[in-house]
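Q:
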Amino acid sequence: MNRALPPALGALATLVLHLSGALGPVELLTRDLLLRALPARTPAHVAVVLVDEEALRRLGPWPLGRGTLAVLVDRIVDAGARGVVVDILLPGAREGDDRLAGALGRGPSALAAGVDDTGAWLLPAPGLGAARPGHVSFDLDRDGVVRRFAATKEIGGRALPALPVAAARLWDPGWPVPVGATLRPGFRHRPVPAVGAAAVLDGAPGALRGRVVFLGINAAGVGDRFISPVSPGGSPDPGVVIEALSAEAVLSGDLLGQAPPLLTALLTFGLGLALGRWRRAWVALGLGLAPMALAAAALAWARLELAPLGILAGLLAAGALTALDRARQARRAMGAADARIAELERLQAGLARARLQDTEARRVVAHELKTPLTSMRGLAQLLAQFELSGPERERVARMVMNESSRLAQMVDALLDLERLALRPFETSAQPLDLSALVAGRVQILRGGSGRDVTADLEPGIRVLGDPALLERVLDNLTGNALKFSPGGALGLGLRRQGDWAVLEVRDQGPGIPPEERTRIFGRFARGQGGAPGLGLGLALVAEALAWHRGEVEADEAPGGGALFRARLPLMVDGRNL
1 MNRALPPALG
11 ALATLVLHLS
21 GALGPVELLT
31 RDLLLRALPA
41 RTPAHVAVVL
51 VDEEALRRLG
61 PWPLGRGTLA
71 VLVDRIVDAG
81 ARGVVVDILL
91 PGAREGDDRL
101 AGALGRGPSA
111 LAAGVDDTGA
121 WLLPAPGLGA
131 ARPGHVSFDL
141 DRDGVVRRFA
151 ATKEIGGRAL
161 PALPVAAARL
171 WDPGWPVPVG
181 ATLRPGFRHR
191 PVPAVGAAAV
201 LDGAPGALRG
211 RVVFLGINAA
221 GVGDRFISPV
231 SPGGSPDPGV
241 VIEALSAEAV
251 LSGDLLGQAP
261 PLLTALLTFG
271 LGLALGRWRR
281 AWVALGLGLA
291 PMALAAAALA
301 WARLELAPLG
311 ILAGLLAAGA
321 LTALDRARQA
331 RRAMGAADAR
341 IAELERLQAG
351 LARARLQDTE
361 ARRVVAHELK
371 TPLTSMRGLA
381 QLLAQFELSG
391 PERERVARMV
401 MNESSRLAQM
411 VDALLDLERL
421 ALRPFETSAQ
431 PLDLSALVAG
441 RVQILRGGSG
451 RDVTADLEPG
461 IRVLGDPALL
471 ERVLDNLTGN
481 ALKFSPGGAL
491 GLGLRRQGDW
501 AVLEVRDQGP
511 GIPPEERTRI
521 FGRFARGQGG
531 APGLGLGLAL
541 VAEALAWHRG
551 EVEADEAPGG
561 GALFRARLPL
571 MVDGRNL
């Protein structure tokens, strides 16, 4: 398998998961975990004044009168606040609106706007002056966590910025409003400095100086509460705290963007390639943790939301495919190793057989050489120790000559076999017309044997070989046939068969038993119950044909008798097929 294929398929799996949103809820929880793990920074732009239980005991029951709110706003402005954001819905005209409008008019200010039961804007009372309205509608995810809000929202033809955006414009009037955008605060600047409303009434806390101050409710059972990714212990925070955290994120540039799906897929592909290259367990573990590390780094430095679980799922898919491919390669390698081992075992068995055959051949050679030597020694003793007549001495001398001649033939045959193994075929063989060579030997055979010899020879068959050696092959095959079929006819055939030249020699003798048809081509093997001869003729035939890249076999001839079939590669363009 191509090394890049598993990472590519893993990247495709990541892309599909990202686009389908299948891992969305889990990815959000993972992102929250990473956000909480990042080191927090101290907020520099906002603070919160909370109307808590103590303030209600001093100021009266909720809702507070607008004149009371005016006192709180005055004290906040007196504390040096850069702007005031009242996160309390104040619809309709009420007593004290003029006092509250005056307090808000002392500096930049913004008021909360909501949505009523009919879906229309619930705006601050017109008598509250020129304070900027900002909507307080958060976009909750499926798990009820506040992670985003609309920078602007339009209802009934009127668009309002979000309250955190309105607060940012109190700090910097030129801050551009991203119309229609969804803002995702990083919440890294926490906790927001918070002061109780009672403490504000008692003095002018310095924690408010130079900040945009949010005024909101925190008393038990009063006001709205939300969970943010950084809410301590997952407990809801007052809505005003979430608004202030969001405004700090806007002012400090701690707004998150979502990584494009293609970037996530490319990261999966790159990590998958690295995972496929390194096979050590600790490297694979490190690469497995890499998506979380990359997601944390992206949040910390690029303010970018990756999908680490999608990347991890893609890596697991790529790793599984890589593991399957490696397992398949391992099985293939094991199969090749098993085949190699089997081949080595066959070679070892062949060597063992060759050593056994060599040992047996040496024993047979010793035995075969011993026989004429023993005869010659006995005849020599007879000549040396006894007074023989002239005819007897001549007979014994002739016997010595016969035995020495037999011994010389045996030694010559053995030397021929040994020399044959040492001759290189490529430099010794030459192109020759096998048809003409066989036809010539047939003529000699007919003239010298006085036997009925038939020949069916296809003309023009050419091979690479040694003419003298092939003549000996033919002489040994025909001589063997003549020896075992005295008085019978002899048939020779030569034809093309595929890429082979096939030479056949048939006799009308008793034939060869099936169990002997392979053994007779061994050295010193004699068929037919130990027939006379050296037992080297057919061995020379087999080894000579093997030297020619051919082979020989014995079979039963049609109608009875033996059939020897020799095959030689045909020659085309000066080389064997």
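If you use our numbering, the sequence shown corresponds to residues 1 to 577, in order.
The beta-carbon is built from N, C-alpha and C at its ideal position, and this holds for glycine as well.
#1: Based on the DSSP output, what are the partners of I217 in its beta bridges?
#2: Between the alpha carbons of A274 and P6, how many angstroms are there, rounded?
#3: Based on the DSSP output, what are the partners of Q258 in its beta bridges?
#4: Based on Cα-Cα distance, which residue from G60, P229 and T152 lies nearest to D141?
#5: Within 8 Å, do at least three Cβ pairs link the segment 343–350 to the segment 298–313?
#6: Between the segment 195–203 and the segment 51–62, do three or more beta carbon pairs fall short of 8 Å?
#7: Helix, strand or coil: which one does DSSP assign to A349?
#8: Would you check if there are 3 or more beta carbon pairs closer than 8 Å linking the segment 247–258 to the segment 45–52?
#9: Note the first and the last residue of the continuous alpha helix (DSSP H) segment covering V250.
#10: Could you tell me whether the segment 456–466 touches the segment 491–510, using the rule of 3 or more Cβ pairs below 8 Å?
#11: Are the Cβ atoms of G134 and L170 separated by less than 7 Å?
#12: Compare the beta carbon distance of V473 and A544 with 7 Å and say whether it is the shorter of the two.
#13: Please state whether the Cβ-Cβ distance between V505 and T478 is less than 7 Å.
#14: Assign L482 to one of three DSSP states: helix, strand, or coil.
#15: By the DSSP assignment, the beta strand (DSSP E) with I155 in it spans what residues?
#16: Okay, do the segment 208–217 and the segment 235–245 touch, 3+ Cβ pairs below 8 Å being the bar?
#17: Between the segment 26–45 and the segment 62–69, can you find at least three pairs of beta-carbon atoms closer than 8 Å?
#18: To the nearest angstrom, report how far apart G253 and V86 are at their CA atoms.
#19: Would you say A110 and A150 are within 7 Å of each other, going by their C-beta atoms?
#20: Please report the distance separating the alpha-carbon of T427 from that of R523.
#21: Looking at A554 and G511, is the spacing between their C-beta atoms short of 7 Å?
#22: Considering only the alpha carbon of each residue, which of R395, A313 and G509 lies closest to A8?
#23: Quick check: what's the CA-CA separation for S231 versus A4?
#24: From what residue to what residue does the beta strand (DSSP E) around R519 run?
#25: What's the gap between the Cα of A557 and the Cα of D507?
#26: Could you give the DSSP three-state label for A159: helix, strand or coil?
#27: Measuring CA to CA, which of P176, A295, L356 and L445 is closest to I311?
#28: Using only the alpha-carbon positions, how far apart do G272 and D32 sit?
#29: With a CB to CB cut of under 8 Å and the five nearest residues on each side skipped, what residues in its chain are close to A55?
#30: Just how far apart, CA to CA, sit L17 and L23?
#31: Which residue's Cα is closest to the Cα of L12: L351, P291, S404 and L267?
#32: Quick check: what's the CA-CA separation for W175 versus A168?
#33: Tell me which residue opens and which closes the alpha helix (DSSP H) that V230 is part of.
#34: Check A333 in the structure and name its three-state DSSP category.
#35: For a test of the three-state rule: what should DSSP assign to D32, helix, strand or coil?
#36: Determine the direct distance from the alpha carbon of A317 to that of L324, and round the result to whole angstroms.
A: According to the structure data:
#1: As a first step, residue 217 is located in the sequence shown; it is residue number 217 there, counting from the start. I217 is bridged to V51.
#2: Residue mapping note: residue 274 aligns to position 274 of the sequence shown, counting from 1. Residue mapping note: residue 6 aligns to position 6 of the sequence shown, counting from 1. The alpha-carbon atoms of A274 and P6 are separated by roughly 11 Å.
#3: Stepping through the sequence shown from its first residue, residue 258 is reached at position 258. According to DSSP, which records beta bridges pairwise, Q258 is partnered with E305.
#4: Within the sequence shown, numbered from 1, the residue matching residue 141 stands at position 141. Ranking the options by Cα distance to D141, first place goes to P229.
#5: no
#6: yes
#7: For this step, residue 349 is matched to residue 349 along the sequence shown. Helix at A349.
#8: yes
#9: Residue numbering aside, residue 250 sits at position 250 when the sequence shown is read from its first letter. G239 to S252 is the extent of the alpha helix (DSSP H) around V250.
#10: yes
#11: What you label residue 134 is simply residue 134 of the sequence shown in a count that begins at 1. What you label residue 170 is simply residue 170 of the sequence shown in a count that begins at 1. No. Outside cutoff.
#12: Here residue 473 corresponds to residue number 473 of the sequence shown, with the count starting at 1. Here residue 544 corresponds to residue number 544 of the sequence shown, with the count starting at 1. Yes, the Cβ-Cβ distance between V473 and A544 is below 7 Å.
#13: Translated into the one-based positions of the sequence shown, residue 505 becomes position 505. Translated into the one-based positions of the sequence shown, residue 478 becomes position 478. Yes, Cβ-Cβ distance for V505 and T478 is below 7 Å.
#14: Within the sequence shown, residue 482 is the residue found at index 482, counting from 1. Three-state DSSP puts L482 in a helix.
#15: Residue numbering aside, residue 155 sits at position 155 when the sequence shown is read from its first letter. Unbroken beta strand (DSSP E) run through I155: T152 to I155.
#16: yes
#17: Contact fails: fewer than three Cβ-Cβ distances are below 8 Å.
#18: Against the sequence shown, residue 253 aligns to sequence position 253. Against the sequence shown, residue 86 aligns to sequence position 86. Cα to Cα, the separation comes out at about 23 Å.
#19: Locating residue 110 in the sequence shown gives position 110, where the first residue counts as 1. Locating residue 150 in the sequence shown gives position 150, where the first residue counts as 1. No. Outside cutoff.
#20: Here residue 427 refers to the residue found at position 427 when the sequence shown is read from its first residue. Here residue 523 refers to the residue found at position 523 when the sequence shown is read from its first residue. Roughly 27 Å separates the two Cα atoms.
#21: Here residue 511 refers to the residue found at position 511 of the sequence shown. Here residue 554 refers to the residue found at position 554 of the sequence shown. No, Cβ-Cβ distance for G511 and A554 is not below 7 Å.
#22: Translated into positions along the sequence shown, residue 8 becomes position 8. Of the candidates R395, A313 and G509, the one whose C-alpha sits nearest the C-alpha of A8 is A313.
#23: Within the sequence shown, residue 231 is the residue found at index 231, counting from 1. Within the sequence shown, residue 4 is the residue found at index 4, counting from 1. Approximately 43 Å between the Cα atoms of the pair.
#24: The residue you call residue 519 lines up with position 519 of the sequence shown. Taken as a continuous stretch (DSSP letters only), R519 belongs to no beta strand (DSSP E), as it is neither H nor E.
#25: In the sequence shown, residue 557 corresponds to position 557, counting from 1. In the sequence shown, residue 507 corresponds to position 507, counting from 1. Whole-angstrom Cα-Cα distance: 8 Å.
#26: The count along the sequence shown starts at 1 and reaches residue 159 at position 159. The answer is strand: DSSP assigns A159 an E or B state.
#27: As a first step, residue 311 must be located in the sequence shown, where it is residue number 311. When only C-alpha atoms are compared, the closest one is A295.
#28: Mapped onto the sequence shown, residue 272 falls at position 272. Mapped onto the sequence shown, residue 32 falls at position 32. Each residue's alpha carbon lies about 26 Å from the other.
#29: On the sequence shown, position 55 is the one that residue 55 refers to. Answer for A55: G196, A197, A198, L201 and A219, listed in chain order.
#30: Reading the sequence shown from its first residue, position 17 is the one you call residue 17. Reading the sequence shown from its first residue, position 23 is the one you call residue 23. In a straight line, the C-alpha of L17 is about 7 Å away from that of L23.
#31: Reading the sequence shown from its first residue, position 12 is the one you call residue 12. Among L351, P291, S404 and L267, the Cα nearest to that of L12 belongs to L267.
#32: Position 175 of the sequence shown, counting from 1, holds the residue named residue 175. Position 168 of the sequence shown, counting from 1, holds the residue named residue 168. So the two alpha carbons sit approximately 7 Å from each other.
#33: As a working mapping, residue 230 is identified with position 230 in the sequence shown. Careful: V230 lies outside any alpha helix (DSSP H) and carries neither H nor E.
#34: As a working note, residue 333 is residue 333 in the sequence shown. Of the three classes helix, strand and coil, the one that applies to A333 here is helix, per DSSP.
#35: Within the sequence shown, numbered from 1, the residue matching residue 32 stands at position 32. In this structure, D32 counts as helix in the three-state DSSP scheme.
#36: Residue numbering aside, residue 324 sits at position 324 when the sequence shown is read from its first letter. Residue numbering aside, residue 317 sits at position 317 when the sequence shown is read from its first letter. Distance between the alpha carbons of L324 and A317 is about 11 Å.
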